[in-house]
Amino acid sequence: MKLINIPSTLRLALPSALAAFLYGTTAFAAYPEKPIQIVVPYAAGSGSDFIARTLADELSKSMGKPVMVINKPGADGRIGTEFVVNSAPDGYTLMVATAASHSANPNLIKNLPYDPVKDFSHIALLTSDPMILAVNPKAGTSLSEFVARARTKELSFGYGSTTSLVATSTFNQLAQITALPVPYKSQPPAAMDAASGQVDYLFADGTSVGALIKSGRLLGFAVTGQQRSAMFPDIPTFAEQGFKTFTLQGWVGLAAPAGTPESIVSKLNAEVRKALTNPEVVAKYRTNGKTVQPNTAAEQTSLVQHQLSAWASRVSAAGLDEAKH
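Per our numbering, the very first residue in the sequence shown carries number 248; after that it's consecutive.
Below you can see the structure in the form of C-alpha cells.
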C-alpha cells in the first residue's frame with residue numbers, strides 16, 4: 248500500500264487544527280467552566296448597574312457558575328467599554344451595552360476607541376428605558392411653569408451620561424429654553440445635586456431618580472417614550488403634553504468582544520431570554536421603569552445599527568454634532 252506523503256508544513260499544522268476543532272466542539276459545549284464577569288461602564292447605583300446585577304443573579308442560578316458585575320466607570324463609559332473590547336473573546340467578559348455607549352457616544356465623541364458594531368458580538372436586548380424629566384421643586388411645580396421660568400431665567404441642568412445630555416439638549420431646543428450644562432461622572436450624583444438645588448433639573452432613568460421623586464425632593468414632570476412608565480404611571484409622557492416628536496428612548500443590551508464563538512453567543516442569548524421570562528425578574532425591571540424586550544443576537548445587532556443612525560439624527564437636531572469632542 249502506497250503511503251501518502253504529507254508535507255512537513257502541513258504535518259505541523261494538523262495538530263493545531265485538530266485542537267481547534269476539538270476545542271470548538273467540546274470546550275464550548277461545556278461553557279461556562281469558570282466565573283463570568285459583566286462589566287458596567289458606569290458607576291454603581293446607575294440604571295445599567297441595576298439591570299446588570301438583576302441579570303447576573305439570575306444567570307448565576309441558571310448557568311451554575313458565578314456571574315459577577317464589575318463597575319468600570321469613567322470617560323462617558325469609554326473606560327469600561329474599551330476594557331471589554333480588548334478582552335479575550337471567550338465568553339467570560341461581557342458588558343452591558345447601552346444607548347450611551349453604543350448610540351450616543353459614537354455621534355458625540357471624536358476618535359472613539361471602539362466601533363459600536365464591528366468590535367462586539369451583540370447577544371441580546373435586555374430593556375428599553377424611557378427617561379424622566381426630574382426638576383428641583385424651586386424651579387417649578389409643573390412642566391408649563393418650569394418651561395416659563397426657564398425662558399426668563401437661565402437655569403442649569405446636570406447630566407451623567409451622553410444620553411442624558413442628548414435628551415436634555417433636545418428638550419431645551421423643543422421648549423425654546425437655554426440652560427447651563429453641568430457634567431457629572433454618572434447619573435446618581437447628578438440626581439442628588441438636582442435634589443439639593445445645585446442644578447435645577449436633569450433627564451435620568453427611573454433607577455437614578457425614582458427614590459428622589461417618591462420622596463418629593465425632585466418632581467417628575469414627563470417621561471420620554473410612547474407610553475407612561477410603570478414605575479410612575481401618574482407622570483404623563485411628553486407627547487401627552489404637546490411635545491409630539493419627543494419620543495427618545497434608551498436601551499440596554501448584553502454584548503461580548505468581537506469574535507466570541509457563535510455557540511457561546513447562542514447559549515448566552517438563550518439564557519438571557521429565559522431569565523427575561525422569569526416573572527420575578529420582569530417585576531424587578533418593571534418597578535424600576537424598565538420594559539423587558541428579549542430578542543435574538545441577529546436582531547440585537549440590527550437594533551444597534553439602527554439606533555446608531557437614529558441617535559445621529561437626534562444629536563444633529565439638537566446641535567450637538569457641532570460641539571463634537
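Built from N, CA and C at the ideal position, the CB exists for glycine as well.
Please confirm if the segment 530–546 is in contact with the segment 374–386, defined as three or more CB-CB distances below 8 Å between the two stretches. Contact between the segment 530–546 and the segment 374–386 is present: 3 or more CB-CB pairs across the two stretches fall below 8 Å.
Using a Cβ-Cβ cutoff of less than 7 Å, which residues in the same chain neighbour A291 once the five nearest sequence positions on both sides are dropped? Within the same chain, A291 has close Cβ partners N318.
Taking DSSP as the reference, what is the three-state secondary structure of I379? Strand, per DSSP.
Counting only runs of 4+ residues fully inside the segment 468–522, write out the alpha helix (DSSP H) ranges in chain order. Qualifying alpha helix (DSSP H) stretches, in chain order: 509–522.
Quick one, which of A346, I298, S443 has its alpha-carbon nearest Q584's? No information on residue 584 is available, as it lies outside the stretch 248 to 572 that the chain covers here.
Quick one: give me the first and last residue of the beta strand (DSSP E) that T345 is part of. Element bounds for T345: 340–345.
Among the candidates M342, T410, L402, whose CA atom is the shortest distance from the CA of A557? Cα-wise, what sits closest to A557 is T410.
Please check if any C-beta of chain D sits within less than 9 Å of the C-beta of L412. This model lacks chain D altogether, as it is built from one protein chain only.
Per DSSP, which one or two residues make a beta bridge with M315? Note: M315 sits in a beta bridge opposite Q284.
From the DSSP output, which residues share a beta bridge with Y448? Residue pairing by DSSP places Y448 opposite V382, F404 in a beta bridge.
With the cut-off set at 9 Å, would you say I218 and N516 are in Cβ contact? The displayed coordinates of the chain run from 248 to 572. Any statement about residue 218 would go beyond what the structure contains.
Reference D323, options P360, S295, A426, G407, closest by Cα: Residue G407 is the option with its Cα nearest to D323.
What residues in its chain sit with their C-beta under 6 Å from that of A559, if we drop five residues either side in the sequence? N354.
Quick check on the burial criterion: 16 or more other C-beta atoms within 10 angstroms. Buried or exposed for T425? Counting Cβ neighbours within 10 Å, T425 comes out exposed, since fewer than 16 surround it.
By the 10 Å Cβ neighbour count, where 16 or more other Cβ atoms means buried, how is T484 classified, buried or exposed? Buried is the call here.
Boundaries of the beta strand (DSSP E) in which V364 is found, first to last residue: It is not in any beta strand (DSSP E) - V364 carries neither H nor E in the DSSP assignment.
Is it a yes or a no for the segment 514–531 touching the segment 485–499, going by three-plus beta-carbon pairs under 8 Å? Remark: fewer than three beta-carbon pairs, one from each stretch, lie closer than 8 Å, so the segment 514–531 and the segment 485–499 are not flagged as touching.
Could you give the residue range of the beta strand (DSSP E) that holds L427? In the DSSP assignment, L427 falls within the unbroken beta strand (DSSP E) covering 426–430.
For K531, is the classification buried or exposed, using 16 other Cβ atoms within 10 angstroms of its Cβ as the cut-off for buried? That one is buried.
Taking only the alpha-carbon atoms, compute the straight-line gap between T492 and G311 and give it to the nearest angstrom. When rounded, the separation of the alpha-carbon atoms in T492 and G311 is 46 Å.
Work out the CA separation of S368 and S513 for me, nearest whole Å. Taking the straight line from one Cα to the other gives about 11 Å.
Measure the Cβ-Cβ separation of P397 and A381 and say whether it is below 9 Å. Strictly speaking, residue 397 in this sequence is Ala, with Pro absent from that position. Contact: no.
Alpha carbons only, please: which of H349, S563, M378, S391 is nearest the one belonging to G472? Looking from the CA of G472, the closest CA among H349, S563, M378, S391 belongs to M378.
Give me the DSSP bridge partner(s) of V539. Answer is T374.
Between the segment 457–475 and the segment 301–311, are three or more C-beta pairs nearer than 8 Å? Between the segment 457–475 and the segment 301–311 there are fewer than three C-beta pairs closer than 8 Å, too few to call the two in contact.
S549 versus K365 - alpha carbon distance: When the Cα atoms are used, S549 and K365 turn out to be separated by approximately 12 Å.
V529 to P363 span [Cα, whole Å]: Approximately 27 Å between the Cα atoms of the pair.
Range covered by the alpha helix (DSSP H) that runs through P279: Premise fails: P279 is in no alpha helix (DSSP H) and is neither H nor E.
Got a sec? Which residues, its chain only, sit under 6 Å from A344 by beta carbon, not counting five neighbours each side? Excluding positions up to five away in sequence, the list reads G500, A502.
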